[in-house]
Amino acid sequence: MFMRVDKLLIELPMPKKQDPNAGAALQELLGGKYGEMSTLNNYMYQSFNFRSKSKLRAIYDIVASITAEEVGHVELVANGVAMLNNGPDGDETGGTDISDAPFSAMQDIRLAASFLSNGGGAMPVDSNGLPWNGTFVTTSGNVIMDMLFNFHLECGARIHKLRVYETMTEPTGREVCGYLLVRGSVHAHAYALVLKKLTGVSIEKMLPVPNIDLGRIPECQKYLAAGRHRWLYTNSPSDYKAMAGIWGNGETALPGDPPGELEVVEGVPDGGKIPDLNGLASAFTPEYAPEEMFEIAQKLYAASR
Ligand code: MN
Ligand code: MN
22 MFMRVDKLLI ELPMPKKQDP NAGAALQELL GGKYGEMSTL NNYMYQSFNF RSKSKLRAIY
82 DIVASITAEE VGHVELVANG VAMLNNGPDG DETGGTDISD APFSAMQDIR LAASFLSNGG
142 GAMPVDSNGL PWNGTFVTTS GNVIMDMLFN FHLECGARIH KLRVYETMTE PTGREVCGYL
202 LVRGSVHAHA YALVLKKLTG VSIEKMLPVP NIDLGRIPEC QKYLAAGRHR WLYTNSPSDY
262 KAMAGIWGNG ETALPGDPPG ELEVVEGVPD GGKIPDLNGL ASAFTPEYAP EEMFEIAQKL
322 YAASR
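In the numbering used here, the protein residues as written are 22 to 326.
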């Protein structure tokens with residue numbers, strides 16, 4: 022089962038300007054073939070379908086715990102998209118003249134539906150608005166094939182993150198990419214180690230794929246300095262600890278990254294604040310009379326305490 026924590030994996034800087042085309046680029050990392058919806062659903066269905074869980078406990082634990090991290094990645098990218106679509110928060114009480122085409126600029130954005138249909142929110146679609154779909158999921162029933170697919174998926178996800186990063190000037194989107202490049206490296210490394218334990222092939226020697234030095238990406242530095250390239254979280258209060266037999270056990274960071282032993286970290290990352298984006302009264306979010314809604318919500322909150 023799943024439990025939810027009301028935090029984002031990291032704190033994201035608020036955009037300095039509204040940039041829905043950057044939001045559209047970031048959508049590739051959400052609903053693209055190699056996006057977070059794909060990593061999430063691949064590992065989630067593989068973990069549901071996993072045979073011989075008790076005999077293959079360490080491997081099952083890796084797939085199951087990374088599944089939970091990928092939900093957090095979906096949440097992180099979705100918040101990044103909404104922040105870029107929204108821009109710095111302004112006045113939420115409305116007052117804009119709706120007869121004066123206040124959103125005329127939205128006709129020219131790459132994904133017009135992100136405003137017209139989704140009010141600036143994120144959707145499980147790629148950078149061209151094509152919907153994510155379940156055919157991106159591979160769950161073959163053969164553990165080695167699935168782990169090979171996962172290794173490929175994480176490497177593919179990294180190359181997409183790098184390309185999206187290279188289009189970005191906005192700090193919000195760059196932070197999302199920088200963090201996910203570090204975590205994608207961890208996941209590719211984890212699946213490589215599973216394949217090594219199962220077959221004896223040192224597939225981790227192929228890493229990093231793509232061959233980029235994270236040291237050259239400013240947004241990665243604080244995560245590398247904190248050791249996040251060496252940590253795999255259990256994402257659970259007490260389960261999935263057996264993955265330490267694979268992630269750990271004398272294995273070390275990839276050459277080129279800051280050195281150190283691989284470590285299983287129990288629980289979830291500290292996380293950061295979930296951004297509290299204001300409504301756009303002229304776009305009917307939350308509604309034409311936001312003050313009344315806020316008053317009702319405050320009464321409901323007071324009644325809950
Ligand atoms: Mn991910
Ligand atoms: Mn991943």
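Every residue gets a Cβ at the ideal spot worked out from N, C-alpha and C, and that includes glycine. Model, not experiment: these values are computed from the prediction.
For a cut-off of 8 Å, the C-beta gap from Leu97 to Pro41 is around 18 Å, too long to register as a contact. At the C-beta level, Glu196 and Leu33 come within 8 Å of one another. Look at the beta carbons and you see the segment 62-75 not touching the segment 211-229: under three pairs across the two are nearer than 8 Å.
It is roughly 43 Å from the alpha-carbon of Glu91 to the alpha-carbon of Ser120. The beta carbon of Leu275 sits closer than 8 Å to those of Ser206, His210, Glu225, Leu228, Pro229 and His250, all from its chain and outside the five residues before and after it, given in chain order. For ligand 2, residues qualifying as neighbours are Thr60 and His208, where qualification means a beta carbon closer than 5 Å to at least one of its heavy atoms (chain order). In this structure, Ala178 has its beta carbon less than 7 Å from a heavy atom of ligand 1. The segment 233-240 makes contact with the segment 184-202: 3 or more CB pairs, one atom from each, lie closer than 8 Å. Between Gly269 and Gly248, the C-beta spacing is not below 8 Å.
Setting aside the 5 residues that flank it on each side, Asp278 is surrounded in the same chain by Leu235, Leu245 and His250, each with a C-beta closer than 7 Å to its C-beta; the list follows chain order. Taking a 10 Å sphere around the C-beta of Glu49, we find 16 or more other C-beta atoms and assign the residue as buried. Contact check for Gly93 against Leu137 fails: the beta carbons are separated by 8 Å or more. Annotation: the continuous beta strand (DSSP E) that includes Glu284 extends over Glu284 to Val286. Not a single heavy atom of ligand 1 lies less than 7 Å from the C-beta of Glu313. Burial is judged here by how many other beta carbons sit within 10 angstroms of a residue's own beta carbon; Glu308 has fewer than 16 and is exposed. Separation of the CB atoms of Ala143 and Val102 is rounded to 4 Å, and the pair is thereby assigned contact status at 8 Å. Straight-line measurement puts the Cα of Gly52 at about 19 Å from the Cα of Asn107.
With 16 or more other CB atoms across the displayed protein chains lying within 10 angstroms of its CB, Ser59 is buried. With a 10 Å radius around the Cβ and a threshold of 16 neighbouring Cβ atoms, Leu151 comes out exposed.
In the pairwise beta carbon analysis, the segment 74-91 is classified as not touching the segment 123-133: fewer than three pairs are separated by under 8 Å. Judged by the Cβ position, His181 fails to qualify as a neighbour of ligand 1 at the 7 Å threshold, every heavy atom of the ligand being at least this far. Here the alpha carbon of Phe157 sits roughly 6 Å from the alpha carbon of Lys54. When DSSP reads this structure, Pro152 sits in a beta bridge with Val146. The C-alpha of Phe69 lies about 25 Å from the C-alpha of Ala99.
Cβ contact annotation for Val222 (same chain, cutoff 8 Å, sequence separation greater than five): Leu216, in chain order.
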